[in-house]
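Residue numbers (my numbering): 533 to 1029.
Glycine included, every Cβ here is placed at the ideal spot set by N, Cα and C.
Every value quoted in this text rests on a predicted model; they were computed, and no experiment measured them.
Here it is in structure tokens:
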């Protein structure tokens, strides 16, 4: 099935990227730790990515890919690329103006996004400088993501998935081999900007060799562009709500010393399984769903959706259990070195524990967002996101005094499940997707297998004092073995009947 094949391509590429990302995080954590300097870098880094879901892989891609895919299948490559050229010119112009305005206004912007830094004196000035270095990255990665949407539409998923590898290698090389008279954070920030330039050049190269180069046109508006930006309007509002959520989290944890760092590293650990499985699957899913809908192929449409849910659940249910039950062991193995000390591990693990509870929900959100967008429904996710914003604010503000930075993780998990449940429920009501009894049984089996495997890991770690790597590996082997053995037994039972 193409959805599994395409998801596998993205997953393998993402896995390589995450390995380099892990190396990157080790290096940054060992140099900067979880103190105020690292908080300043993360404030700059997250701010550069704050608008990425609007201009990059988020709202624009969700609106553009289904229409571009339809154009390709119904009107041919030339007409599709002419439409893409108009989108490209509008996107590039908007990004150039927006980035210039934000860079000029950066001190005022950071007072609004991370007010906890205003009283930090030197570190606030560092955060302003780092943000001015990293923010132009938005221009380059947004165009690269746009080109990625074009290549994804013709089944070429590897090039854009590999841009993350370029990003991580760039930051690693800058951190290790380039010095700055100011701080290592300034060097790493320059690595972010260099990565954006390289990522854009990489995508232009693959457009050229796949004969999908986008011509340069002056900005103009036609019916296709109106349709894209009408759909994008809802998506921008939805992405804007998501980014407001992110901004609120930044505001809250900026008042907790080290809070930005703890949440950042906890999220990085959780994103490893989420990006490899759910993000890869949803990336491959959107063009596939759009193609099936355009061709009225509803049998393959249902099969693609089920395959995406099945492959995500198989990996992410046990991952969520392991991250929830053993966060200290995992953070200690992955990150505890030099400036990232035992206190850093303790606080990062506390945040990771609750983020892990939301892991399956985050995966469902990614998959069902693709489902809504493929059906041309960009408004429903926005309405759900608006309610999620309200819940997130209420929970984060009410819990911050008692739970400190962990309040953000708790709120994130609760909101994740709220959004996931609402998306599934509405999808069923509108007949976008109905869970089959067979799939529900499989999901129950995944939970059962993951529970038994987690019990084995717990016994090995806490009773037999076995090495953490060996314990986790044994749990993984048991999980996969149980899956295949139980499936084999069920198959034989049905044969006997």
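For residue i, three-class secondary structure by DSSP
i	result
residue 714	coil
residue 1000	helix
residue 749	coil
residue 962	coil
residue 872	strand
residue 754	coil
residue 908	coil
residue 672	helix
residue 596	helix
residue 565	coil
residue 837	helix
residue 687	coil
residue 681	helix
residue 743	coil
Sequence-distant residues of its chain with Cβ nearer than 6 Å to residue i (five each side left out)
i	result
residue 868	877
residue 859	881, 884 and 885
residue 671	627 and 631
residue 561	867 and 872
residue 484	No statement about residue 484 is possible, as the shown extent of the chain runs from 533 to 1029 and does not include it.
residue 744	682
residue 651	none
residue 975	845
Residue i: first and last residue of the uninterrupted alpha helix (DSSP H) it sits in
i	result
residue 974	969 to 994
residue 933	911 to 935
residue 793	791 to 805
residue 573	568 to 582
residue 619	609 to 636
residue 691	690 to 709
residue 658	654 to 666
residue 788	Note, residue 788: premise wrong, no alpha helix (DSSP H); not H, not E.
residue 647	From DSSP, residue 647 is part of no alpha helix (DSSP H); its letter is neither H nor E.
residue 865	859 to 867
Straight-line Cα distance separating residue j from residue i
i	j	result
residue 577	residue 660	11 Å
residue 596	residue 759	9 Å
residue 629	residue 761	18 Å
residue 927	residue 887	14 Å
residue 954	residue 896	11 Å
residue 546	residue 557	16 Å
residue 798	residue 607	46 Å
residue 695	residue 763	27 Å
residue 686	residue 693	14 Å
residue 978	residue 842	10 Å
residue 638	residue 719	19 Å
residue 855	residue 802	8 Å
residue 601	residue 893	28 Å
residue 592	residue 572	29 Å
residue 1002	residue 553	23 Å
residue 551	residue 544	11 Å
residue 665	residue 636	12 Å
residue 706	residue 715	12 Å
residue 940	residue 800	15 Å
residue 874	residue 973	42 Å
Any non-hydrogen atom of the ligand ATP within 7 Å of residue i CB
i	result
residue 789	Of the ligands one can find in the structure shown there are none, so the ligand ATP has no counterpart to examine.
Residue-level contact to chain B via CB, residue i, 8 Å cutoff
i	result
residue 894	Absence of chain B from the displayed structure is noted, only one protein chain being present.
Cut-off 8 Å between Cβ atoms - residues of its own chain near residue i, not counting five sequence neighbours on either side
i	result
residue 746	613, 616, 617, 620, 679, 682 and 739
residue 675	620, 623, 624, 627, 732 and 735
residue 574	792, 793 and 796
residue 641	579, 634 and 663
residue 783	645, 646, 647 and 648
Short Cβ contact (8 Å threshold) for residue i with residue j
i	j	result
residue 725	residue 669	yes
residue 883	residue 925	no
residue 847	residue 805	yes
residue 728	residue 673	yes
residue 951	residue 995	no
residue 968	residue 899	no
residue 688	residue 754	no
residue 649	residue 786	yes
residue 936	residue 788	yes
residue 717	residue 582	no
residue 559	residue 704	yes
Cβ shell of residue i (< 7 Å), same chain only, five flanking positions each side left out
i	result
residue 548	697
residue 1000	861, 865 and 993
residue 611	603
residue 947	920, 923 and 924
residue 850	982, 985 and 1011
residue 749	617, 618 and 621
residue 702	723, 726, 727 and 730
residue 956	896 and 900
residue 988	1006, 1007 and 1010
residue 990	857
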